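Asker: Let me begin by handing over the structure; questions about it come next.
Numbering (this note's numbering), first residue to last: 299 to 1308.
In structure tokens:
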């Protein structure tokens, strides 16, 4: 729950585990194999082998970080003994053996059935065919049949890490088991990565169980050798990155060697409610830190639907959450309690807020008291768990406790002093909580536990020791130690060794686009570790069908895995989802609260009901995907469910943003493709996408110009008249002469730029009209072939073609590395002078824009500053001297965030040619023989209403037959009316001019009298 589930991606969810590679390490030779050994409670304190730490500024004598040497170190006597046994007896029992995968590897990195046992070890090159690749999904299992029971002393599994270049990470955890029947498995060891995740050159890690050194973890046996027929190796999967594995060695000997033992089978199961959970079955999380909107302040009214099930009128009918966890994340100063950023003053602020007379704890007591009386249980006490902030190890000036100004930073006195000071802060917190609790004398509350905010076991040297010390202090207060680690939390399996009493493991399924099997995977891991799961949801389930279905998935999975029936559960709800569902007047939303109550009480039944169909209308007419509408037409979408049961929910998104039925959409200045996404959710959801093509033309642009006149977006009257004159000429040729339309559109664009430069048009009007220009001129990159150096997590929703598909809500995103690129193939060499990138939050800080005709030789379109461009937020437009090329490339230099690079649009345009329009244009000569007159009219393109326009007409012999002058009208137009005479017979040449024109406009007309 750190930062209220705010991770932008699954990779960032484990940011505390990711460690950068030091300059020394990057330049020095990386070891071929880093050893990850089994974890042991006895190794935690004073033995870094069980606690990898990464200290990039303190390389060892060999030029490598401490973790890599520590991870391969072991007790000298044990190593010697193991080596002696192996020399005389052990061989690789897995050599040339076939094996079984729980899921087949990816087709691009296949396994013919022997790659893990053929003796061919993968190199540091990810293209080495020895490597077998897996991507996404559940924890992988590989099972070996030794043919008969044998004595097993060591198992080693080899993995590759090549991140971020090739998106390959070693697993967080590799576990090893043995069995006699391939169904019941005994645990040998859980092994956490010692390498850690981080940027750097390709490296390998060998995850190893050595029975002589590590013993056997399962079954309370003292044996050093396992006697079994089957061996299973499992490794957890990252939700977006690859796992590469090659050789697995099972070293041992035939028959039953002296000291070999049968390993008792594990019985994986959820942690049940009981003494370890202080009797809590359902723990509800209430965030009571600082929030600008006040949602961190809990009133009795908001609390009651959390601790009790209320009817539609708000009357309590039964109990709901039997335990409440109060936890705060942020302080008014913007610091995070979970990240170790807070000082003593901020700790006191939280305690004051929680325990004051009308504070959060008092409101909880009053809510419990009221519900207890209404339900006839006046002596009922709600169980309470309270967080302890993370005393961050970088904090230097924490504050004064018992006359001592504490620093948690090892630089101020060493590791031992820093750890001791952090423990002192925890002890102070526990004493304060106890004193304030006792002083308050809450009648209907029972303090039963303390919650640890950090969601993984710290990778720092002192992390496990701090937890052990905190556990001791908490237990001395007769309280239980609670923990809710995230799915990629480090060393979760060691929860009991560091002193936690109970653990609710986060699936993190609600927050990411993951497959349903993530919930099964989280349940399986929880059972294997002997812990339980958290149920996760937030207010989005009330407004978005995708999140509604995910909430239902949690409930369904809980029934399928037995969590609902047998497990202790914690419930993450964001800030206010339970209350908002309980009081919701929409039956389709209120039912979510009812289902939650059923789940809490173990009576919920799996709901996989298919949703009914929704009939969707646009402006009262049946909507068909691909419909074309003009940008001047307001859009209003409505829908009607067929066979509506009143509990089915329909939600919609327009261009990726929530849309409410009946809302009028004004898309003036937003031509192009748009998407309405309708999601209908019963037990399962059904998404239907409707494409709406919004068009623009001269008339719609004139409407937009006139609207901006009304909104005072111009500083003079001539500017909009001038723009409308260009549009009038565009309209004249629409549908008949595309070349002329293009000419006046480019002239309009050039005029638009001049008006902005001169400060005559405001940015709002300019941007909207410019969108129409881009749409009508056309994007040369639209739907063209594209390539990119990487795609974030390999996600199909973030592929490079998403940046050229024309949809405003789709985007490309790279992996989290500076040296990333994106390029488009225009199909042939074309001339262009403008590139537009619509940045997502993850934009560049600096980049280059390159062009090429062969994808080998690249030149920059920007000639100064060595081609380096500083990016800007939002829609960034680059204009440059026209170039002609086939390939256009974005080359990232430096990211502006911790994410990669991401843009919604990468558009290529040719806007040149706006100078073809003359100051007087659109001239027409029309002879009305019956009336005996000739009319010559045209437009003054600068929009002036006072311009003096001169006309001179010459007959076919060059004789002047007419000279005159007129003044342009209020619309910027002009007209001459000339009496038809015999002098005009034949072909005539006419000249139009105004003051300031260096060359008059010349045109000809013919007069053939009947």
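Glycine residues also receive a C-beta, built at the ideal position from the N, C-alpha and C atoms. The structure presented is a predicted model; accordingly, all values stated were derived computationally and were not measured.
1. Going by Cα to Cα distance, which pick from 1242, 1284, 1287, 1288 is closest to residue 1266?
2. Unbroken beta strand (DSSP E) runs of length 3 or more, entirely within the region 867 to 948: which are they?
3. Straight-line CA distance for residue 1087 to residue 663?
4. What residue does the alpha helix (DSSP H) around residue 776 start on, and which one ends it?
5. In whole angstroms, what separates the C-alpha of residue 1055 from that of residue 1168?
6. Under the three-state reduction of DSSP, which class applies to residue 1307: helix, strand or coil?
7. What's the C-alpha gap between residue 341 and residue 767?
8. Please go through the same chain and pick out, in chain order, the residues whose beta-carbon is closer than 6 Å to the beta-carbon of residue 473, but skip the five residues on each side of it.
9. From residue 1183 to residue 1074, what does the alpha carbon distance come to, in whole angstroms?
10. How is the alpha helix (DSSP H) around residue 1028 delimited, first residue to last?
11. Given residue 1098, which residues of its chain have a CB within under 8 Å of its CB, disregarding the five upstream and five downstream residues?
12. Once you ignore the five residues that flank residue 597 on each side, which residues in its own chain have a CB closer than 8 Å to its CB?
13. Do residue 789 and residue 755 have their beta-carbon atoms positioned less than 8 Å apart in this structure?
14. In terms of alpha-carbon separation, which member of 391, 1027, 1301, 1122 lies closest to residue 550?
15. If I follow the unbroken alpha helix (DSSP H) through residue 1099, where does it start and stop?
16. Judging by CA-CA distance, which residue of 886, 637, 605 is the nearest neighbour of residue 945?
17. Could you check the C-alpha separation between residue 903 and residue 459 for me, to the nearest Å?
18. For a quick check, are the C-beta atoms of residue 842 and residue 967 less than 8 Å apart?
19. Under 6 Å Cβ to Cβ from residue 847, same chain only, skipping five residues before and after it: list those, please.
20. For a quick check, are the C-beta atoms of residue 1146 and residue 1158 less than 8 Å apart?
21. So, at 6 Å on beta carbons, what are the nonlocal neighbours of residue 617 in its own chain, with the 5 sequence-adjacent residues on each side left out?
22. Pick helix, strand or coil for residue 1165, following the three-state DSSP scheme.
23. If I'm right that residue 1271 touches residue 1237 with Cβ under 8 Å, what's the distance once you round it to whole angstroms?
24. Could you check what DSSP says for residue 1045 in three-state terms: helix, strand or coil?
25. For the alpha helix (DSSP H) holding residue 510, just list the boundary residues, first then last.
26. Grab me the residues of residue 837's own chain with a C-beta within less than 7 Å of its C-beta, minus the 5 sequence neighbours each way, in chain order.
27. Using CA coordinates, which residue listed in 888, 1215, 404 is at the minimum distance from residue 1046?
28. Put residue 800 into one of helix, strand or coil per three-state DSSP.
29. Count the other CB atoms within 10 Å of the CB of residue 759; is the residue buried (16 or more) or exposed (fewer)?
30. Rank 580, 658, 510, 1102 by C-alpha distance to the C-alpha of residue 595 and give the top, closest one.
31. Work out the CA separation of residue 584 and residue 1078 for me, nearest whole Å.
32. How far does the beta strand (DSSP E) with residue 818 in it extend, from its first residue to its last?
33. For residue 524, which beta-bridge partners are listed by DSSP?
34. Which full runs of the alpha helix (DSSP H) of 4+ residues lie inside the region 558 to 609, going along the chain?
35. For residue 553, tell me which candidate among 445, 490, 1141, 506 has the shortest Cα-Cα distance.
36. If you measure between the beta carbons of residue 771 and residue 728, is that distance less than 8 Å?
Answerer: Put simply:
1. Numbered from 1 along the chain shown, position 968 holds the residue referred to as residue 1266. Ranking the options by Cα distance to residue 1266, first place goes to 1242.
2. 867 to 870, 912 to 916, 925 to 928, 933 to 939
3. Taking the chain shown and counting its residues from 1, the one referred to as residue 1087 is at position 789. Taking the chain shown and counting its residues from 1, the one referred to as residue 663 is at position 365. Between residue 1087 and residue 663, the C-alpha separation is close to 57 Å.
4. The count along the chain shown starts at 1 and reaches residue 776 at position 478. Taken as a continuous stretch (DSSP letters only), residue 776 belongs to no alpha helix (DSSP H), as it is neither H nor E.
5. By one-based count along the chain shown, residue 1055 stands at place 757. By one-based count along the chain shown, residue 1168 stands at place 870. If you take the alpha carbons of residue 1055 and residue 1168, they lie about 21 Å apart.
6. Sequence index remark: in the chain shown, residue 1307 carries index 1009 (1-based). Here residue 1307 sits in coil by DSSP.
7. For this step, residue 341 is matched to residue 43 along the chain shown. For this step, residue 767 is matched to residue 469 along the chain shown. Unreliable placement is indicated for residue 341, whose pLDDT of 41 sits below 50; the coordinate value is still reported in the next sentence. If you take the alpha carbons of residue 341 and residue 767, they lie about 15 Å apart.
8. Taking the first residue of the chain shown as 1, we reach residue 473 at position 175. Closer than 6 Å at the Cβ level, and outside the excluded window around residue 473, lie 488, 532.
9. Locating residue 1183 in the chain shown gives position 885, where the first residue counts as 1. Locating residue 1074 in the chain shown gives position 776, where the first residue counts as 1. Each residue's alpha carbon lies about 22 Å from the other.
10. Working through the chain shown from its first residue, we reach residue 1028 at position 730. Its alpha helix (DSSP H) spans residues 1016 to 1031.
11. Numbered from 1 along the chain shown, position 800 holds the residue referred to as residue 1098. These residues qualify, in order along the chain: 1084, 1085, 1086, 1089, 1110, 1120.
12. Counting from 1 along the chain shown, the entry for residue 597 is found at position 299. So the qualifying residues of the chain are 661.
13. Translated into positions along the chain shown, residue 755 becomes position 457. Translated into positions along the chain shown, residue 789 becomes position 491. For residue 755 and residue 789, yes; Cβs fall inside 8 Å.
14. As a working note, residue 550 is residue 252 in the chain shown. Residue 550 has its Cα closest to that of 391, out of 391, 1027, 1301, 1122.
15. Here residue 1099 corresponds to residue number 801 of the chain shown, with the count starting at 1. From DSSP, residue 1099 is part of no alpha helix (DSSP H); its letter is neither H nor E.
16. Against the chain shown, residue 945 aligns to sequence position 647. Checking every option, the nearest Cα to that of residue 945 belongs to 886.
17. Within the chain shown, the letter at position 605 stands for residue 903. Within the chain shown, the letter at position 161 stands for residue 459. Their backbone Cα atoms lie some 43 Å apart in a straight line.
18. Your numbering for residue 842 matches position 544 in the chain shown. Your numbering for residue 967 matches position 669 in the chain shown. Not a contact, by the Cβ cut-off of 8 Å.
19. Against the chain shown, residue 847 aligns to sequence position 549. Around residue 847: 979, 983.
20. As a working mapping, residue 1146 is identified with position 848 in the chain shown. As a working mapping, residue 1158 is identified with position 860 in the chain shown. Yes, the Cβ-Cβ distance between residue 1146 and residue 1158 is below 8 Å.
21. Position 319 of the chain shown, counted from the start, is the residue given in the question as residue 617. The answer, listed in chain order, is 606.
22. Here the question's residue 1165 lines up with position 867 in the chain shown. Residue 1165: helix per DSSP, three-state reduction.
23. Your numbering for residue 1271 matches position 973 in the chain shown. Your numbering for residue 1237 matches position 939 in the chain shown. Contact flag correct, Cβ pair sits at about 5 Å.
24. On the chain shown, residue 1045 is found 747 positions in, with the first residue counted as 1. Three-state result, residue 1045: helix.
25. Within the chain shown, the letter at position 212 stands for residue 510. That run of the alpha helix (DSSP H) goes 509 to 512.
26. Mapped onto the chain shown, residue 837 falls at position 539. Cβ neighbours of residue 837 beyond the five flanking positions: 872, 874, 875, 878.
27. Along the chain shown, one-based indexing puts residue 1046 at 748. The residue with the shortest Cα to Cα distance from residue 1046 is 1215.
28. As a working mapping, residue 800 is identified with position 502 in the chain shown. Reduced to three states, the DSSP call for residue 800 is strand.
29. One-based indexing of the chain shown puts residue 759 at position 461. Its Cβ being crowded by 16 or more others within 10 Å, residue 759 is buried.
30. Sequence index remark: in the chain shown, residue 595 carries index 297 (1-based). It is 658.
31. Indexing the chain shown from 1 puts residue 1078 at position 780. Indexing the chain shown from 1 puts residue 584 at position 286. Each residue's alpha carbon lies about 52 Å from the other.
32. As a working note, residue 818 is residue 520 in the chain shown. Residue 818 -> not in any beta strand (DSSP E); alpha helix (DSSP H) instead, spanning 815 to 827.
33. Mapped onto the chain shown, residue 524 falls at position 226. Residue 524 pairs with 450, 559.
34. 598 to 605
35. One-based indexing of the chain shown puts residue 553 at position 255. Answer by Cα proximity: 445.
36. If you number the chain shown from 1, residue 771 lands on position 473. If you number the chain shown from 1, residue 728 lands on position 430. In this structure, residue 728 lies closer than 8 Å to residue 771 by Cβ.
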